Structures are given as structure tokens and as C-alpha cells.
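Numbering (our numbering), first residue to last: 886 to 1387. Below is one structure, written out as C-alpha cells; comments come after it.
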Ligand code: ASP
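Laid out in C-alpha cells, this is it:
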């Protein structure tokens, strides 16, 4: 970490991102190497790293069941051993190397390789936790001061209606882009049959298909769920939409109480807001270290072999995200917000990099606030309301990705989607993205609902699970950019942006 005068922070973070990626590639884990804990002949616990093996035969309960795995079936091997260890079965393995073989008895655990890059992960998690802890108090304080400083409630109503309309419109555009690209590129047609069978076998056990029951979409239940029974509970659970609702009515009600008492409350929350913003600025000083650790661990853990098998799918999603991020949002910022496109992207880049490294819109929220308020000059009364709402309900990147993914899985299954099925995807992806929590990896869980709505087997998710982390990073950047773009558009259209020197 260098002083900002020598090198601006966003450049430091960008360098950390690049160096972290290189570090992750150099110290990537060897997927074929596994760590096991077992008992030796004297029943003493040992641990071992197994490398360069050709085949491993697994014996369950002294040979009652027996499975053989070759070196490129390491994922299945790990799953099988884990499952039997969890079921408290006795597991022995026979390892065959090129010229010798050996027996290991009574396995107690099996884990992946570790490298210096994956060992850095806690540093990255620490950074994300520090940001996430700021999000809720910052949202509450900004929203309360924002709402209480609006001269009239009508204005809030107008801004609220415009915001919702824009959030929904941009999400519909995002899903349409996803569907068009999915139909045009046809990534599912380019996956060989054997590859799809292998992917299904490897990732099936991790597929979140059982979770779908908890996520039935019902618009009325959704509206009712916005009103928390207990605001403290909502804060404790990070239920952002409920927190926004509570803070908003709290802030608005301040307008109706005695001025002398109102001033105390406003003064208190202004102080809280200042403290939170200062905390973000202090935490951001370690952002280069946090980003380095996050990205190097992710890159080191990523299974590269799968990249080439799903390359068309990955490219289709990325193409859609790039178009939506740089074309749709540019139009929104320019023509609705009357704000310069280049300035918008330049001022937002720190939030985008943090979003990319963390895959979490919620953790990035304090940085998005900082960029939108302090660099672009959107007043708190607008951003305090629009950004948290967006982080919760506006997930264009996720919705776009869900569109491509649904078409891709249908294509692999050899199913032709007709127009009415594609419209169903549009509607369910819109609702599912509203219900997606702003944390890593939730988009793929919500995909289950979309697949079920058009009768595609949800197990198909196994096909894309292996590359989800990478696409999660990319779609989170779009999610964050979308929130900021709508915020700038609304503030600009209301002539409320106080442009600041950058
Ligand atoms: N990680 C995404 C976000 O936080 C959500 C998702 O698509 O999984 O915005």
C-alpha cells in the first residue's frame, strides 16, 4: 500500500488485481493432487499428499464395494470418498503409480491441494467482512437522513416510481439480450455429448435442485415480505429490502414530528453516516491487499480444464454482459441522466473492481456509495434510497446470465424453446433476479425456478456449475453498474447531481 499521492488508490487496486491473477496462476492448485488423513498399521493418524498417481481403487467396508478411478476422474473420486467417510463407512484405498502401488487404510478425510495462493484467502475474506459490516448501518443512516431532508413526500414518490420503472426496464432489456445471444450463438449445440455426460456426472451432487421449494415465486408474498415484523431481526439477517423499508418510513416520519426533537435524531444519524463513510475510506486503504488475496485464491482454485469445454457458453454470457454494461447503461446515463459516459465509468471503476473480486453486490455497496456520492456528486437523499434498493432487487447481470444459461441447458438437452417458453424465461428471470440475494453464487440457485417454469430438468445446472464462480464475478460487475447507472440517471433527470472535480 502506497500513499495515494504517489499512486492513486484505484491504480493500486487494479495492479493488485493483475498481480493477484498472475500469482493465482503461478500457484494454482494441482487438481490431481489430493490430501488424505488415514491410520497406519499402528493406528497412528497420518496425513499424506498424493501426487502423480495413475489410478486409485476405493474399497468400502473391507471390499464390500469397490470403485476404480483414473487420474482424470479425481472429482468423482473425492466425492465418493467423502460420501462414505460421512456415512461412517470404513474406506481404504489402493494407489497405483507408474511403477509401484501402495495401500492406505482407514481414511478419515480427503481434501484438495493447498498452495500459498489459497492460503491467502482469509485475508480476502477479512476485507469483505469489513466492508459488509458497514453496509447495513450505512444504508440505514443514509436513508434516514436522505428521506428526512426531502422537502416533500411527493418528490420521493416520483423518484421511487421512476427508479422502479427503470430497474424493471433495464432488467427486461438484460434478459432479452441474454435470450437473443443464447439463440444466436447456440452455445449448447457446441458441447459434445460425452462432455455433457461427464459434466453431469461430476457436478450432479453439488446441484442445488432441492432448494427450489423454498423459492417459489409469489408476487403478493413478496410484497408482504418487504414489511418486517421486527426491524432489528431484519438488520441482523441482512434483509436489505426490509431494512430499506423501515429506514424509509422512519426518515419520512421525522418530517412530521416536532422540529426540536427531529434535529436530535437527524444529527445523530448524520454522525453515524459520517463515521461509516470514514470507515469505508480507512478500510479501502487495505483494498489492494484484500483484492490481491481474493483474486489469487479464486484463480488458484479454479478448475481450468473445464474452461475449454464450456468456452462458447462463457463467451455468450460475457458478450451479453459487456453489451449490457457498456451499451445499455451508457444510453441510460447519457440520455436520461445527461451525464458524461466516460466520467461515469471512470468514477465507478473502484466499485467495479471490488465487485469483480468479491462477487457480492452487498459487500461492494459501501464503495458504490462512495463512488456515486463523492465522485459523481449524487445527493444522499437520492443515492441513499436508490442504491440499497438496487443492490437488493436490481440484478441485471444475474438476469442476463440466467437467460443465457436456460437457453444453453435446453440446447444441451436437445429441447427447442418456443416463443412462449422464452417469454416465460423473461418473466421468471425478472422475478428471480429481484429475489436474488446480493451475495456470491445465489444467481445459480435461482436458476432452478426458471428451468422448472419451462420444464427443463433442473439437474442441468450441473453442466454449468464448474464455471459459475467466474461468471458470478462478471455478472456482479454488471449488477453494480446497473444500480449506479439508474441512480445517476434519476439524479441527473431531477437536476440533482452536483458535479464534483474528479
Ligand atoms: N453475486 C451476485 C451479486 O452479488 C448475485 C448472483 O448472481 O449470484 O450481485
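Ideal placement from N, C-alpha and C gives every residue a C-beta, glycine not left out. On a predicted model such as this, the values are computed, not experimentally measured, just so you know.
Residue span of the beta strand (DSSP E) that contains residue i, given as start and end
{"i": "residue 972", "result": "Per DSSP, residue 972 belongs to no beta strand (DSSP E) and is neither H nor E."}
{"i": "residue 953", "result": "950-955"}
{"i": "residue 920", "result": "919-924"}
{"i": "residue 935", "result": "930-935"}
{"i": "residue 1207", "result": "Element bounds for residue 1207: not the beta strand (DSSP E) but the alpha helix (DSSP H), 1196-1208."}
{"i": "residue 1391", "result": "Here the chain covers residues 886 to 1387 and nothing more, so residue 1391 does not appear."}
Nearest to residue i (by Cα), restricted to the options the options
{"i": "residue 917", "options": "926, 957, 933 and 898", "result": "957"}
{"i": "residue 992", "options": "943, 1228 and 1024", "result": "943"}
{"i": "residue 1370", "options": "1201, 1253 and 1075", "result": "1253"}
{"i": "residue 1049", "options": "1315, 965 and 1173", "result": "1315"}
{"i": "residue 934", "options": "940, 921 and 945", "result": "921"}
{"i": "residue 1033", "options": "1276, 1133, 965 and 1309", "result": "1133"}
{"i": "residue 1189", "options": "890, 899 and 911", "result": "911"}
{"i": "residue 1298", "options": "1023, 1079 and 967", "result": "1079"}
{"i": "residue 897", "options": "1235, 908, 1208 and 1016", "result": "1235"}
{"i": "residue 982", "options": "1207, 938, 1322 and 1353", "result": "938"}
{"i": "residue 1222", "options": "1012, 1378 and 1170", "result": "1378"}
{"i": "residue 1130", "options": "1116, 1231 and 1141", "result": "1116"}
{"i": "residue 1062", "options": "1308, 1324 and 1368", "result": "1308"}
{"i": "residue 1380", "options": "941, 966, 1044 and 1154", "result": "1044"}
{"i": "residue 1321", "options": "1147, 1114 and 1357", "result": "1357"}
{"i": "residue 946", "options": "1087, 973 and 959", "result": "973"}
{"i": "residue 1006", "options": "1324, 1243 and 1361", "result": "1243"}
{"i": "residue 1336", "options": "1355, 1289 and 1019", "result": "1289"}
{"i": "residue 1168", "options": "1011, 1202 and 1278", "result": "1011"}
{"i": "residue 959", "options": "1170, 889, 1071 and 1087", "result": "1087"}
{"i": "residue 888", "options": "936, 1171, 1147 and 1353", "result": "1171"}
{"i": "residue 1058", "options": "1349, 1341, 1183 and 1279", "result": "1279"}
{"i": "residue 1001", "options": "931, 985, 1016 and 907", "result": "907"}
{"i": "residue 902", "options": "1207, 1183, 1313 and 1224", "result": "1183"}
{"i": "residue 1383", "options": "1334, 1224, 1042 and 929", "result": "1224"}
First and last residue of the uninterrupted alpha helix (DSSP H) at residue i
{"i": "residue 1181", "result": "1172-1186"}
{"i": "residue 1363", "result": "1353-1378"}
{"i": "residue 944", "result": "No alpha helix (DSSP H) contains residue 944, which is instead part of the beta strand (DSSP E) from 940-945."}
{"i": "residue 1078", "result": "1078-1088"}
{"i": "residue 1125", "result": "1125-1139"}
{"i": "residue 1149", "result": "1144-1168"}
{"i": "residue 1071", "result": "Looking at the DSSP string, residue 1071 is not in any alpha helix (DSSP H), and its letter there is neither H nor E."}
{"i": "residue 908", "result": "894-911"}
{"i": "residue 1109", "result": "1104-1111"}
{"i": "residue 1121", "result": "1116-1121"}
Beta-carbon spacing of residue i, residue j below 8 Å
{"i": "residue 1318", "j": "residue 1287", "result": "yes"}
{"i": "residue 1246", "j": "residue 1364", "result": "yes"}
{"i": "residue 894", "j": "residue 1009", "result": "no"}
{"i": "residue 1392", "j": "residue 1003", "result": "Nothing about residue 1392 can be read from this structure; the chain reaches only from 886 to 1387."}
{"i": "residue 1125", "j": "residue 1251", "result": "no"}
{"i": "residue 969", "j": "residue 977", "result": "no"}
{"i": "residue 1306", "j": "residue 1339", "result": "yes"}
{"i": "residue 1161", "j": "residue 949", "result": "no"}
{"i": "residue 1347", "j": "residue 1085", "result": "yes"}
{"i": "residue 1256", "j": "residue 1227", "result": "no"}
{"i": "residue 1311", "j": "residue 1060", "result": "yes"}
{"i": "residue 1374", "j": "residue 1157", "result": "no"}
{"i": "residue 909", "j": "residue 1181", "result": "yes"}
{"i": "residue 998", "j": "residue 1065", "result": "no"}
{"i": "residue 899", "j": "residue 1238", "result": "yes"}
{"i": "residue 1128", "j": "residue 1024", "result": "yes"}
{"i": "residue 905", "j": "residue 1177", "result": "yes"}
{"i": "residue 1067", "j": "residue 1211", "result": "no"}
{"i": "residue 995", "j": "residue 967", "result": "yes"}
{"i": "residue 1240", "j": "residue 1362", "result": "yes"}
{"i": "residue 1019", "j": "residue 1165", "result": "yes"}
{"i": "residue 1192", "j": "residue 1359", "result": "no"}
{"i": "residue 1323", "j": "residue 1276", "result": "yes"}
{"i": "residue 1372", "j": "residue 1304", "result": "no"}
{"i": "residue 1031", "j": "residue 1152", "result": "no"}
Quiz item: Which ranges does the alpha helix (DSSP H) cover as unbroken runs of at least 4 residues, wholly within the segment 1222-1310, from first to last along the chain?
Solution: 1226-1243, 1246-1254, 1265-1278 and 1281-1297
Quiz item: Quick check: the segment 1259-1272 against the segment 924-940, are there 3 or more CB pairs under 8 Å?
Solution: no
Practice problem: Could I get the ranges of all uninterrupted alpha helix (DSSP H) runs contained in the segment 982-1065, with 4 residues as the minimum, in chain order? | Solution: 1001-1004 and 1006-1034
Quiz prompt | Contact the segment 1032-1048 vs the segment 944-956: 3+ CB pairs below 8 Å | solution = no
Quiz item: Do three or more CB pairs link the segment 1053-1061 to the segment 1266-1276 at distances below 8 Å?
Solution: no
Self-check item: contact_flag[the segment 1181-1196, the segment 1074-1085] where n(CB pairs < 8 Å) is 3 or more
Solution: yes
Quiz prompt | Touching by the beta-carbon criterion (3+ pairs, under 8 Å), the segment 1325-1340 and the segment 1275-1293 | solution = yes
Quiz prompt | Minimum length 4: unbroken alpha helix (DSSP H) runs contained in the segment 1311-1338 | solution = 1327-1338
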